[in-house]
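**Student:** Please read through the structure below; I'll follow up with questions.
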Amino acid sequence: MHGHPARTEHGTTPPTEIPGCVNGYSADPPAPGVSKGPAGRHNEGSAGRRDHSEEKDMEAEMEAEAEYGFVVSLDAQGSGLLSDSEKQDMRKRLYDVSGRAFEEAGIRAPRLYQEDRGDGILSFLRPSVKPVRVVGTWLVHLNENLRQSNTTAKVPLRLRAGLHVGPIAEDEHGRSGQAIDLACRLGDCDIAKGILKAAPETSPLVVAVSGQLYDDVVQHGGRWVEPEHYGRYEVDLKEGRRTAWFMVPGLPQPPRPDAKPAAGTGTGTGAAPKAKGGARVTNTAYSYGSGQIFQGERFDTININQPPSSATSPSPQAAPFTPPDPAAPDGAE
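Written out as structure tokens, the structure reads:
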């Protein structure tokens, strides 16, 4: 004999109550993309799985997002000719002169990150570092530290600096990006090597800046930034032709890459190396009133409201360094 369910005054049996549930379903609202199911569980549909997948992709993208910063590539010229003991001394002096320059310019960790490159240093500066501080203050101190270091050195240290700004990606292995590639290529191109080779011994530094950096920062000047001392070149790199600007601190203009140093003042032997899959001069356009034009292997001087001068005149001596006034305002930065 089957029993009958107990009846209430309304004639039905009340459902069993489950805490937190209404009519057998969870009282909590489902998460986005998740459908409501029977009591105590949520059913995740394909939309929910897609949402979770998209969230993971977004997190990964944010972690790999590049940061816009300043890249400085420093390389020692002629390091391949040094003995092992000489290289050790060179590296010590390289870190000393550049490190003190960063410190004197007020640029230090965590805004400064560096990677060792054997005969050079690759430096990355956070976006909070103003570019004018690098192309002005830092370069002035780097050049002066380098010249002072060479006065007592058995083998003079001569440096090439490649500068650029752009996106820099970071992962567990270090930094990467096209901005880094360009800074390194500019500092290592044949034009930079040829200019430094032709420069006087008292001018141990050549600076190569990208066309973008020149247009955005250098040409506007600033504290210790002298755009009129830069010379423009079109450089062929692996990535294609690029505009670059070169400067030798202390000289009114960088010497021609194929010029011989003045007698007793230089370390080079004459012509700059010819390009072999690297950089080559395709056109030296101009540099603020110099009137100098280079095309192919011909070099001429156009006198624009200037006394006639010879294109083959000896390279000028570096101007003596005048220590900056510590109390001078830094408003240009």
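Going by my numbering, the residue at position 167 of the sequence shown is 1361; the numbering climbs one at a time, nothing skipped. C-beta atoms are modelled at their ideal positions from N, C-alpha and C, and glycine is treated no differently.
Which of the three DSSP states, helix, strand or coil, is assigned to ALA1377?
**Tutor:** Helix, per DSSP.
**Student:** Is the Cβ-Cβ distance between ARG1305 and SER1322 less than 8 Å?
**Tutor:** Taking 8 Å as the Cβ cut-off, ARG1305 and SER1322 qualify as a contacting pair.
**Student:** Could you tell me if THR1331 is buried or exposed, where buried requires 16 or more neighbouring beta carbons within 10 angstroms of its beta carbon?
**Tutor:** Under this definition THR1331 is a buried residue.
**Student:** Would ALA1377 and LEU1357 be called neighbours here (beta carbons separated by less than 8 Å)?
**Tutor:** Yes, the Cβ-Cβ distance between ALA1377 and LEU1357 is below 8 Å.
**Student:** List the endpoints of the continuous alpha helix (DSSP H) containing TYR1289.
**Tutor:** Element bounds for TYR1289: 1278-1298.
**Student:** Am I right that ILE1362 and GLY1371 are in contact with their C-beta atoms under 8 Å? What's the rounded C-beta distance?
**Tutor:** Correct: roughly 5 Å between the Cβ atoms.
**Student:** Between VAL1328 and TYR1307, what straight-line distance do the alpha-carbon atoms span, to the nearest angstrom?
**Tutor:** In a straight line, the C-alpha of VAL1328 is about 14 Å away from that of TYR1307.
**Student:** Closer than 8 Å by C-beta to VAL1349: which residues in its own chain qualify, once you throw out the five before and the five after it? Chain order, please.
**Tutor:** Here the set comprises LEU1276, GLU1280, ASP1283, MET1284.
**Student:** Going by C-alpha to C-alpha distance, which of ASP1409, GLY1300, GLU1261, ALA1347 sits closest to ARG1287?
**Tutor:** Residue ALA1347 is the option with its Cα nearest to ARG1287.
**Student:** Return helix, strand or coil for ILE1301, following the three-state DSSP convention.
**Tutor:** Reduced to three states, the DSSP call for ILE1301 is coil.
**Student:** Nearest by alpha-carbon distance to GLU1420: which of LEU1431, ALA1355, MET1441 is it?
**Tutor:** It is MET1441 whose Cα lies nearest to the Cα of GLU1420.
**Student:** Output the distance between the C-alpha atoms of VAL1334 and ALA1438, rounded to the nearest integer angstrom.
**Tutor:** Between VAL1334 and ALA1438, the C-alpha separation is close to 20 Å.
**Student:** Have a look at ARG1379, ALA1373, ARG1302 and flag the residue whose alpha-carbon is nearest the alpha-carbon of GLU1261.
**Tutor:** The option with the nearest alpha carbon to GLU1261 is ALA1373.
**Student:** Grab the span of the beta strand (DSSP E) containing LEU1445 for me, first residue to last.
**Tutor:** Neither: LEU1445 is in no beta strand (DSSP E) and is coded neither H nor E.
**Student:** By a C-beta neighbour count over all protein chains shown, 10 Å radius and 16 as the cutoff for buried, is GLN1271 buried or exposed?
**Tutor:** Classification for GLN1271: buried.
**Student:** Taking just the CA atoms, how far does LEU1399 sit from ARG1294?
**Tutor:** Cα to Cα, ARG1294 sits roughly 16 Å from LEU1399.
**Student:** Take GLN1406 and list the residues in its own chain whose beta-carbon comes closer than 6 Å to its own, dropping the five residues that flank it on each side.
**Tutor:** Closer than 6 Å at Cβ, skipping near neighbours: no residue.
**Student:** To which residues does DSSP link GLY1356 through a beta bridge?
**Tutor:** Paired residues: SER1267, ALA1402.
**Student:** How close, in whole Å, do the beta carbons of ASN1337 and GLY1416 come, if the pair is a contact with beta carbons under 8 Å?
**Tutor:** Not a contact, Cβ separation roughly 17 Å.
**Student:** Which of the three DSSP states, helix, strand or coil, is assigned to GLU1338?
**Tutor:** In the structure shown, GLU1338 sits in a helix (DSSP, three-state: H, G or I).
**Student:** For the candidate residues ILE1301, SER1404, ASP1382, whose alpha-carbon lies nearest to that of SER1273?
**Tutor:** Comparing Cα-Cα distances from SER1273 to each of ILE1301, SER1404, ASP1382, the minimum goes to ASP1382.
**Student:** Determine the direct distance from the alpha carbon of ALA1392 to that of ARG1450, and round the result to whole angstroms.
**Tutor:** Using only the alpha carbons, I get a separation of about 7 Å.
**Student:** What does DSSP give as the partner residues of VAL1419 in its beta bridges?
**Tutor:** In DSSP, VAL1419 forms a bridge with GLY1416.
**Student:** Where do the N-terminal and C-terminal ends of the beta strand (DSSP E) with TYR1424 fall, by residue?
**Tutor:** Counting along the chain, TYR1424 falls outside any beta strand (DSSP E), and DSSP gives it neither H nor E.
**Student:** Taking a contact to mean a Cβ-Cβ separation below 8 Å, would you say ARG1386 touches SER1267 in this structure?
**Tutor:** Contrary to the premise, residue 1386 reads as Ala rather than Arg in this sequence. No, Cβ-Cβ distance for ALA1386 and SER1267 is not below 8 Å.
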